[in-house]
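Counting in UniProt numbering, the sequence shown runs from 1 upward without gaps. Glycine is no exception: its CB is placed at the ideal position from the N, C-alpha and C atoms.
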Amino acid sequence: TKRKKQEFVDKITKVQRQINDKTKSRNITILAVKESQKEQQQQMSEHHTEITNIEEDIYEKGCRLETLQAENERFQQTIDYMENQIELFNRFTEQSTADMQTLDDTNVDLLGKLEDGWVSDRKLENAFAQKDLEYIEHLTNLLKLTEKRKDKIGTVVHRLVGELQHLKYYLEGMSSPEPRPPRSHSARKGSFRRRSISNERVRSAGTPAPLADIISKRQRASSANRAKSVSSATSPYPTHTFELDGDVQRRVTIFVEDNFDVK
């Protein structure tokens, strides 16, 4: 009985020892589990932080990617536009080159025509300058000749006025019925001398034939009137001065220029 009791006590002790061992092992395991939980929590926290950072980084990278894609699309559109512009510019450059060549050829032709025209203008200018000099020389000679003619015409007009004055006195004396007193020898000599000088002046001035015919007709008419008169005497010369008006002087001047050689 004691033996069984001792065996039983031994078994209980053994079981208690095993329980104590198991309890220690459980406590150790619980501590290990707690430590492991702490480590796992810490790792999970670290992983969460890393995941959060990674997600934020991914989001940031995604936003950047979207921005880059939008910028890339805009760059592509700009590149397409610039390619079209470059193509247009190349076409315009080719056309401009052709136009510049055409303009250069046209400018060369126009320059040649301009030089030819300039040479022709210079020749015409020299020719006209020579003509102008000749015209100036002719005008100068003509002015000198005109002055000489004016002087000669003035002299001839003055002579004609004197001759017409004597002719008027003569015709008035021949057509007058009143007897005239006989003139002295000196008066007749002076009258004859004046008529001779007058005739000489008319001959030297080149009196045309029509004027001589007119004077002859007037003299014949005066002689007929004188034959009908009672007395053959003429009135004495008047003492007043005989002057021609402007129209008569103009007509006399025209007559002299047309009929007298005063060049």
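With DSSP as the reference, label residue i as helix, strand or coil.
i, result
"Thr1", "coil"
"Lys189", "In this prediction, Lys189 has a pLDDT of 42, which is less than 50 and means its spatial position is unreliable; nothing more can be read from the coordinates."
Label residue i either buried or exposed according to how many other C-beta atoms from any shown protein chain fall within 10 Å of its C-beta, with 16 as the threshold for buried.
i, result
"Glu35", "exposed"
"Met174", "buried"
"Val156", "buried"
"Leu160", "buried"
"Glu134", "exposed"
"Glu163", "buried"
"Gln18", "exposed"
"Asn72", "exposed"
Tell me whether residue i counts as near the ligand ADP, meaning its Cβ is closer than 7 Å to at least one heavy atom of that ligand.
i, result
"Gln76", "Looking for the ligand ADP in the displayed structure turns up nothing, as the structure carries no ligands at all."
Step through the CB atoms of chain E and report whether any lies within less than 8 Å of the CB of residue i.
i, result
"Gln16", "The structure shown has no chain E; it contains just one protein chain."
### Minimum length 3: unbroken beta strand (DSSP E) runs contained in the region 112-156
none
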